[in-house]
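Respectively, the protein sequence lines represent chains A and B.
1 is the number of the first residue of the first sequence in UniProt numbering; add one for each residue after it.
1 is the number of the first residue of the second sequence in UniProt numbering; add one for each residue after it.
Glycine is no exception: its CB is placed at the ideal position from the N, C-alpha and C atoms.
Encoded as structure tokens, the structure appears first; notes follow it.
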Amino acid sequence: APPKAIPKTIENQRVYDETTVDPNDEEVAFDEATDEFAPYFNRQTVPKILITTSDRPRGRTVRFCEQLATVIPNSHVYYRRGLALKRIIPQCIARDFTDLIVINEDRKIPNGLVLSHLPDGPTAHFRMSSVRLRKEIKRKGKEPTEHVPEVILNNFTTRLGHSIGRMFASLFPHDPQFIGRQVATFHNQRDYIFFRFHRYIFKSEKKVGIQELGPRFTLKLRSLQKGTFDSKFGEYEWIHKRREMDTSRRKFHL
Amino acid sequence: SPQVVWSMLGNRQFCSYKMTTKTQNFCRNEYNLTGLCNRSSCPLANSQYATIREEKGRCYLYMKAIERAAFPRRLWERVLLNKNYEKALEQIDENLIYWPRFIRHKCKQRFTKITQYLIRIRKLTLKRQRKLVPLRRKIERRERRREEKALIAAQLDNAIEKELLERLKQDTYGDIYNFPIHAFDKALQQQGAESESESDAEREEEDDEDVDKREFVEAEDSDLSDFEDMDKLETSSEEEQEEEEEVEKKASHSKSKGKTPLKGPARRKRPYIEIEYEEETEPTTKTKAA
Numbered sequence: 001a002p003p004k005a006i007p008k009t010i011e012n013q014r015v016y017d018e019t020t021v022d023p024n025d026e027e028v029a030f031d032e033a034t035d036e037f038a039p040y041f042n043r044q045t046v047p048k049i050l051i052t053t054s055d056r057p058r059g060r061t062v063r064f065c066e067q068l069a070t071v072i073p074n075s076h077v078y079y080r081r082g083l084a085l086k087r088i089i090p091q092c093i094a095r096d097f098t099d100l101i102v103i104n105e106d107r108k109i110p111n112g113l114v115l116s117h118l119p120d121g122p123t124a125h126f127r128m129s130s131v132r133l134r135k136e137i138k139r140k141g142k143e144p145t146e147h148v149p150e151v152i153l154n155n156f157t158t159r160l161g162h163s164i165g166r167m168f169a170s171l172f173p174h175d176p177q178f179i180g181r182q183v184a185t186f187h188n189q190r191d192y193i194f195f196r197f198h199r200y201i202f203k204s205e206k207k208v209g210i211q212e213l214g215p216r217f218t219l220k221l222r223s224l225q226k227g228t229f230d231s232k233f234g235e236y237e238w239i240h241k242r243r244e245m246d247t248s249r250r251k252f253h254l
Numbered sequence: 001s002p003q004v005v006w007s008m009l010g011n012r013q014f015c016s017y018k019m020t021t022k023t024q025n026f027c028r029n030e031y032n033l034t035g036l037c038n039r040s041s042c043p044l045a046n047s048q049y050a051t052i053r054e055e056k057g058r059c060y061l062y063m064k065a066i067e068r069a070a071f072p073r074r075l076w077e078r079v080l081l082n083k084n085y086e087k088a089l090e091q092i093d094e095n096l097i098y099w100p101r102f103i104r105h106k107c108k109q110r111f112t113k114i115t116q117y118l119i120r121i122r123k124l125t126l127k128r129q130r131k132l133v134p135l136r137r138k139i140e141r142r143e144r145r146r147e148e149k150a151l152i153a154a155q156l157d158n159a160i161e162k163e164l165l166e167r168l169k170q171d172t173y174g175d176i177y178n179f180p181i182h183a184f185d186k187a188l189q190q191q192g193a194e195s196e197s198e199s200d201a202e203r204e205e206e207d208d209e210d211v212d213k214r215e216f217v218e219a220e221d222s223d224l225s226d227f228e229d230m231d232k233l234e235t236s237s238e239e240e241q242e243e244e245e246e247v248e249k250k251a252s253h254s255k256s257k258g259k260t261p262l263k264g265p266a267r268r269k270r271p272y273i274e275i276e277y278e279e280e281t282e283p284t285t286k287t288k289a290a
């Protein structure tokens, strides 16, 4: 009888992406040393994050913002009150914020996320789906404490994924406090980024238990802009074009 | 004649511009001055009539005269009004100079309203516009399905656990967690015989110290659930921050007693009775009860 074949999964059959980052790639390493996140990774700047929403946020979005603020250390929530983003951004830079998160909502549920690195950094626009607030998650844990969580970034293979991963990493302070035993995970799978926030405990050397606390949501990248948020004149590094990019079931970009 | 027209259209016969609701009749004619269906507001039933209409932001005064009733093409005479509000009002006045009061008054009212809403449009276009992007049902469904499948394929819990264990192995956590079996063996292999004797000496010293420091606490069940463990560990971790030295000593003490089965960090870091002791006391209590 023929030997048992390895089952074909989408991950197995994935169309090879030429921009996949090789761990030893010099060019990528050089790029990363000189791009906008270099000051963060060299520990020169401490992340300070402003979370806001679109106009007139409704209940769910507001609660989600608050929970997000507890998850990300050193973050502040401010209400929008009809202010134009272009005017907020210079003010933020003046007050020393490093990142801006705008949660867009539609019909009382959050459905979009704009993450922009402030001193003239890239802006990423995501579509957010399946948002679960803390009380909707089935678990028995308490709230996240003030400890700085660890960050896990999974599966960001291509060049684009790499830069997005660094964007996420730059939200959190560089030195996690292991006493807190909290971990924030950004897991990329087939172009969907799943965010989870857990508390872990090592039961033994080979076993770890995790308990989910904190909100969860999934993101799908829509566009990446080079400068700060500017819809008209911005220079887009990557846009999701449905006609071209959604044709093959085995081709992913992140 | 206008009276005949009105007696036909107004009440009895059909007027295609007339819209009735429970309380009022409206007139959909674009030249109507007030928008209601009245004897004095009907542009069809009045041979001398005037309106204000705006086109692309500019306002015009339209006038209808009896002399031109036979020529539909030339029926409505159009006058462009000044952009200045007061001057335009004067223009209306001078054009409708001998006209009935009602029409003059209503024209000016209508003109005022139109200029107000034009101003509002201009203000709003300066503010942010909300662009409505239509969702495509098929695409939405496809995305949702793909997300579900990606979630299943991701196996998040396993991935996170693997990553955490990797990090533990790579020693990123330093000395916080001590799982003596592996680390101790590695240390033994790396350092060699000398370190063994050193660690023996350490063991003896620590035993002496700990005998003085140990407190006897009531016996705890060994069947704690994981979550209780975690909660307790949180509180104990808070205590830890204050008493770092003791923790280190106890940790190294537990390192020496590496062969006792570990029941989670909670056990180690609190003062505890040795397990052998517990087993002895239990049967005695049972016999006493019997």
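Integer Cβ distance of residue 228/A from residue 143/A, believed to fall under 8 angstroms:
The residue you call residue 228/A lines up with position 228 of the first sequence. The residue you call residue 143/A lines up with position 143 of the first sequence. Rounded, the Cβ-Cβ distance is 32 angstroms, inconsistent with contact.
Going by beta carbon distance, what residues of the same chain come within less than 7 angstroms of residue 235/A, once the five residues before and after it are set aside?
For the purposes of this step, residue 235/A is taken as residue 235 along the first sequence, with counting starting at 1. Excluding positions up to five away in sequence, the list reads 225, 226, 227.
Report, in whole angstroms, the separation of the C-beta atoms of residue 199/A and residue 185/A, which I expect to be a contact under 8 angstroms.
Against the first sequence, residue 199/A aligns to sequence position 199. Against the first sequence, residue 185/A aligns to sequence position 185. Approximately 12 angstroms separates the beta-carbon atoms of residue 199/A and residue 185/A; this is outside 8 angstroms, ruling out the contact.
Distance, residue 4/A Cα to residue 204/B Cα
Locating residue 204/B in the second sequence gives position 204, counting from the first residue. Locating residue 4/A in the first sequence gives position 4, counting from the first residue. Confidence at residue 204/B is low in this model, with a pLDDT of 47, below 50, so its placement is unreliable and the value that follows should be read with caution. Answer to the nearest angstrom: the Cα atoms are 57 angstroms apart.
Please report whether the beta-carbon of residue 11/A lies at a distance below 8 angstroms from any beta-carbon of chain E.
Of the protein chains in the structure, A and B, none is chain E.
CA-CA distance, residue 160/A and residue 35/B?
The sequence position of residue 160/A within the first sequence is 160, counting from 1. The sequence position of residue 35/B within the second sequence is 35, counting from 1. For residue 160/A and residue 35/B, the gap between their C-alpha atoms comes out near 59 angstroms.
In chain order, what residues of the stretch 157-169 of chain B put their CB closer than 7 angstroms to some CB of chain A?
Hits within the stretch, in order: 157, 159, 160, 161, 163, 164, 165, 168.
Does the beta-carbon distance from residue 215/A to residue 132/A come in below 8 angstroms?
Indexing the first sequence from 1 puts residue 215/A at position 215. Indexing the first sequence from 1 puts residue 132/A at position 132. Taking a C-beta distance under 8 angstroms as the contact criterion, residue 215/A and residue 132/A qualify as a contact pair.
Proximity below 8 angstroms, CB of residue 172/A to CB of residue 208/A
Along the first sequence, one-based indexing puts residue 172/A at 172. Along the first sequence, one-based indexing puts residue 208/A at 208. Going by C-beta atoms, residue 172/A is not nearer than 8 angstroms to residue 208/A.
Let me make sure I understand the geometry here. Which of 99/A, 67/A, 166/A has the alpha-carbon closest to that of residue 285/A?
Lying before the first or after the last residue shown, residue 285/A is absent from chain A, which here runs from 1 to 254.
Can you tell me the Cα-Cα spacing of residue 15/B and residue 112/B, whole angstroms?
Within the second sequence, the letter at position 15 stands for residue 15/B. Within the second sequence, the letter at position 112 stands for residue 112/B. Approximately 29 angstroms, taken between the alpha carbons.
Take every Cβ of the stretch 129-147 of chain B, pair it with every Cβ of the stretch 167-181 of chain A, and state whether three or more of those distances are shorter than 8 angstroms.
No contact exists between the stretch 129-147 of chain B and the stretch 167-181 of chain A.
Would you mind working out which of 74/A, 96/A, 75/A, 101/A sits nearest residue 85/A, comparing C-alpha positions?
By 1-based counting over the first sequence, the position of residue 85/A is 85. The closest CA to that of residue 85/A, considering only 74/A, 96/A, 75/A, 101/A, is found on 101/A.
Between residue 145/B and chain A, is the shortest Cβ-Cβ distance under 8 angstroms, so that the two count as touching?
Residue 145/B sits at position 145 when you count from the first residue of the second sequence. It does not; no Cβ of chain A falls within 8 angstroms.
Which residues does DSSP list as the beta-bridge partners of residue 189/A?
Taking the first residue of the first sequence as 1, we reach residue 189/A at position 189. Bridge partners of residue 189/A: 192/A.
So, does the CB of residue 78/A fall closer than 8 angstroms to a CB anywhere in chain B?
For the purposes of this step, residue 78/A is taken as residue 78 along the first sequence, with counting starting at 1. Any Cβ of chain B closer than 8 angstroms to the Cβ of residue 78/A would place that residue at the interface, and such an atom is absent.
Residue 106/A - DSSP class collapsed to helix/strand/coil:
The sequence position of residue 106/A within the first sequence is 106, counting from 1. Strand, per DSSP.
Starting from the beta carbon of residue 190/A, find every residue of chain B whose beta carbon is closer than 9 angstroms, and list them in chain order.
Translated into positions along the first sequence, residue 190/A becomes position 190. Within 9 angstroms Cβ-Cβ: 146, 147, 149, 150, 153, 154.
Please classify residue 128/B: does DSSP put it in a helix, a strand, or coil?
Mapped onto the second sequence, residue 128/B falls at position 128. Correct three-state label for residue 128/B: coil.
Who pairs with residue 112/A in a beta bridge, going by DSSP?
As a working mapping, residue 112/A is identified with position 112 in the first sequence. The partner list for residue 112/A (beta bridge, DSSP) reads 104/A, 127/A.
Are residue 81/B and residue 98/B close, meaning C-beta to C-beta below 8 angstroms?
The count along the second sequence starts at 1 and reaches residue 81/B at position 81. The count along the second sequence starts at 1 and reaches residue 98/B at position 98. Not a contact, by the Cβ cut-off of 8 angstroms.
Under 8 angstroms, Cβ to Cβ, is there at least one residue of chain B near residue 185/A?
Position 185 of the first sequence holds residue 185/A. It does: the Cβ of residue 185/A has a partner Cβ on chain B nearer than 8 angstroms.
Pick from 40/A, 97/A, 252/A, 154/A that is closest to residue 75/A, judged by C-alpha positions:
In the first sequence, the residue the question calls residue 75/A occupies position 75. Among 40/A, 97/A, 252/A, 154/A, the Cα nearest to that of residue 75/A belongs to 97/A.
Output needed for residue 163/A: all residues of its chain with C-beta closer than 6 angstroms, excluding positions within five of it in sequence on either side, in chain order.
Indexing the first sequence from 1 puts residue 163/A at position 163. The answer is none, since no qualifying residue turns up.
Using 10 angstroms around the beta-carbon of residue 221/B, count the other beta-carbons present and answer buried if the total reaches 16, otherwise exposed.
One-based indexing of the second sequence puts residue 221/B at position 221. For residue 221/B, the pLDDT reaches just 43, beneath the cut-off of 50, and the residue's location in the model is therefore unreliable, leaving the point undetermined.
In this structure, how does DSSP classify residue 77/B when only helix, strand and coil are distinguished?
Position 77 of the second sequence holds residue 77/B. DSSP places residue 77/B in the strand class (E or B) of the three-state scheme.
Is there a C-beta anywhere in chain A that falls below 8 angstroms from the one on residue 137/B?
Translated into the one-based positions of the second sequence, residue 137/B becomes position 137. Answer no: the Cβ-Cβ gap between residue 137/B and chain A never drops below 8 angstroms.
Minimum Cβ-Cβ distance from residue 122/B to chain A less than 8 angstroms
Residue numbering aside, residue 122/B sits at position 122 when the second sequence is read from its first letter. For residue 122/B, the answer is no, since every Cβ of chain A falls outside 8 angstroms of its Cβ.
Residue from 46/B, 41/B, 17/B, 117/B whose Cα sits closest to the Cα of residue 4/B
For this step, residue 4/B is matched to residue 4 along the second sequence. When only C-alpha atoms are compared, the closest one is 46/B.
For the structure I just gave you, are there three or more beta carbon pairs, one from the stretch 87-95 of chain A and one from the stretch 12-30 of chain A, closer than 8 angstroms?
With the cut-off at 8 angstroms, the stretch 87-95 of chain A and the stretch 12-30 of chain A do not touch.
Starting from residue 25/B, follow its DSSP beta bridges and name the residues at the other end.
In the second sequence, the residue the question calls residue 25/B occupies position 25. 20/B, per the DSSP bridge assignment.
Buried or exposed (CB count within 10 angstroms, at least 16 for buried), residue 183/A:
Within the first sequence, numbered from 1, the residue matching residue 183/A stands at position 183. Its Cβ being crowded by 16 or more others within 10 Å, residue 183/A is buried.
Limits of the unbroken alpha helix (DSSP H) element including residue 6/B:
Within the second sequence, numbered from 1, the residue matching residue 6/B stands at position 6. For residue 6/B, the enclosing alpha helix (DSSP H) covers residues 2-6.
Between residue 68/A and the rest of its own chain, which residues show a CB-CB distance below 7 angstroms, the 5 nearest in sequence each way excluded?
Within the first sequence, residue 68/A is the residue found at index 68, counting from 1. The beta carbon of residue 68/A sits closer than 7 angstroms to the beta carbons of 51, 215 from its chain, once the five residues preceding and following it are set aside; these are given in chain order.
Between which two residues does the alpha helix (DSSP H) containing residue 167/B stretch?
Residue mapping note: residue 167/B aligns to position 167 of the second sequence, counting from 1. Residue 167/B: member of the alpha helix (DSSP H) spanning 156-169, first to last residue.
Name the residues in the stretch 144-171 of chain A whose C-beta lies less than 9 angstroms from a C-beta of chain B; which are they?
Those residues of the stretch 144-171 of chain A that come within reach of chain B (Cβ to Cβ, closer than 9 angstroms) are 145, 150, 152, 154, 155.
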